[in-house]
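In this note's numbering, the protein residues as written are 24 to 334. Below is one structure; the comments refer to it alone.
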Ligand code: PMV
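So this is what it looks like as structure tokens:
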């Protein structure tokens, strides 16, 4: 019997999370932590050899519903902590979409996978941007809604928002991730920001400002100006805190790493999960993260996007 194995990388966000949901710019980088799925046609839906209720997994449910095929047995193996802001569910969606399309003999071009996996994320989260899923599909670095920053990959529209997605060159930079150990699902945090924005002009202004900071950050990346990029990241963390998506543990990790960093901020939806530090002193940053009860995660970038093989 033929198995299909597919995997996709997680990511961190240099600048722009949350605001990107409203069509503002964002910049992300894929990391060498992957979500791997193996699928095999079978008599019933199973996860890791146990009969499972597909309704409990909205990402798999959505993608399965698009493929009029027999049920599958899914084996999952992830090195991306779930609910950590590192794009675990997007990597799962991209890998599962790739695996199902490969098994069913459908097109597996990156744009088709990016669209399908974004629709799955949107369905599961109730709202969102194609930032994480496009990063999981393309790998490397990507930017959204920043004209002339790289090679245009695809455009995705949803409701009244539109995102132009570009593959970008990220110069050699060292980032250290600090994990709070707190699992924080994305959907409720995205909804919290929506409510704040819809009830408060001040919150809408903060979202606009995150967009401006991100555009300036892209210019700093092009100049390889780590000092300015770091300042913008730290400022972005303050703006995200005003939106109510940081927490004490994230703020502590940001504070304790700043003396050794160009800048630091939460990454992803926040509420727990991870922060990132841009630094040329990764050992001191890692020690500082440990000293406040966080877990440093050493990552490499320049990683490949979604891929599949038959076994
Ligand atoms: O926490 P994560 O890895 O799911 O990232 C969410 C990023 C948001 O901008 C908050 C939401 C989105 O869909 O872009």
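Every residue, glycine too, gets a C-beta built ideally from N, C-alpha and C.
_Environment of residue 321 [buried if 16+ CB atoms lie within 10 Å]_ = By the 10 Å Cβ count, residue 321 comes out exposed.
*How is the beta strand (DSSP E) around residue 185 delimited, first residue to last?*
Under the DSSP assignment, residue 185 falls in the beta strand (DSSP E) whose first and last residues are 184-191.
*On the three-state DSSP scale, how would you describe residue 47?*
In the structure shown, residue 47 sits in coil (DSSP, three-state: anything other than H, G, I, E or B).
*asked:* Quick check: the Cα distance between residue 207 and residue 159, rounded to an integer number of angstroms?
replied: Approximately 20 Å between the Cα atoms of the pair.
_Length of the line joining the Cα atoms of residue 55 and residue 252_ = Rounded to the nearest whole angstrom, the C-alpha separation of residue 55 and residue 252 is 22 Å.
*According to DSSP, is residue 58 helix, strand or coil?*
Residue 58: strand per DSSP, three-state reduction.
*Can residue 26 be considered in contact with ligand 1, in the sense that its beta carbon sits closer than 8 Å to one or more heavy atoms?*
Not so, every heavy atom of ligand 1 lies at least 8 Å from the Cβ.
*Whose C-beta lies closer than 7 Å to the C-beta of residue 44 among residues of the same chain, with five residues either side of it excluded?*
Within the same chain, 150, 151, 152 and 213 come within 7 Å of residue 44 by CB-CB distance, once the 5 residues on both sides are set aside.
*Own chain, CB closer than 7 Å to residue 74, minus 5 neighbours either side, in chain order*: Once the five neighbours on either side are set aside, the close Cβ partners of residue 74 are 67.
*So, helix, strand or coil for residue 202, using DSSP?*
The answer is strand: DSSP assigns residue 202 an E or B state.
*Does ligand 1 have a heavy atom nearer than 8 Å to the CB of residue 298?*
Result no, Cβ not under 8 Å from ligand 1.
*Cβ shell of residue 315 (< 7 Å), same chain only, five flanking positions each side left out*: Its chain contains 275, 276 and 279 as the residues whose beta carbon lies nearer than 7 Å to that of residue 315, once the 5 sequence neighbours on both sides are disregarded; these appear in chain order.
*Compare the C-alpha of residue 39 against each of 30, 72, 323 and 237 and name the closest.*
237 is the residue among 30, 72, 323 and 237 whose C-alpha sits nearest the C-alpha of residue 39.
*Could you tell me which of 168, 264, 30 and 195 sits nearest to residue 50, measuring between CA atoms?*
The shortest C-alpha separation from residue 50 is found at 168.
*What residues are listed by DSSP as bridge partners for residue 162?*
Under DSSP, residue 162 forms a beta bridge with 327.
*Regarding residue 43 and ligand 1, is the C-beta to nearest heavy atom distance less than 8 Å?*
A distance criterion of 8 Å places the beta-carbon of residue 43 in contact range of ligand 1, judged by its closest non-hydrogen atom.
*If we count the other Cβ atoms within 10 Å of its Cβ and call it buried at 16 or more, is residue 83 buried or exposed?*
It is buried - the Cβ of residue 83 has at least 16 other Cβ atoms within 10 Å.
*Hey, how far is the Cα of residue 118 from the Cα of residue 333?*
So the alpha carbons of these two residues sit roughly 13 Å apart.
*Just to confirm, are residue 111 and residue 33 a CB contact at a threshold of 9 Å?*
Yes, these two residues count as a Cβ contact at 9 Å.
*Please state if the CB of residue 293 and the CB of residue 90 are separated by a distance shorter than 9 Å.*
No.
*Along the alpha helix (DSSP H) that carries residue 286, what are the first and last residues, could you check?*
Where residue 286 is concerned, there is no enclosing alpha helix (DSSP H), although the beta strand (DSSP E) it sits in stretches over 286-290.
*Would you mind sorting residue 183 into buried or exposed? The rule is 16 or more other CB atoms within 10 Å of its CB.*
Counting every other CB atom within 10 Å of its CB across the protein chains shown gives residue 183 a total below 16, marking it as exposed.
*Could you check the C-alpha separation between residue 129 and residue 187 for me, to the nearest Å?*
Those two C-alpha atoms are separated by around 25 Å.
*How about residue 29 and residue 161: do their beta carbons lie closer than 9 Å?*
Residue 161 is positioned such that its CB atom lies no closer than 9 Å to that of residue 29.
_Tell me the DSSP secondary structure of residue 252 in three-state form._
In the three-state DSSP reduction, residue 252 falls in the helix class (H, G or I).
*Is it the case that the CB of residue 131 approaches a heavy atom of ligand 1 more closely than 8 Å?*
Residue 131: no, Cβ never under 8 Å from ligand 1.
_Endpoints, the alpha helix (DSSP H) within which residue 245 is located_ = Here the alpha helix (DSSP H) through residue 245 covers 224-246.
*Which residues in the same chain have their Cβ closer than 6 Å to the Cβ of residue 216, if we skip the five residues on either side of it in sequence?*
Once the five neighbours on either side are set aside, the close Cβ partners of residue 216 are 41 and 266.
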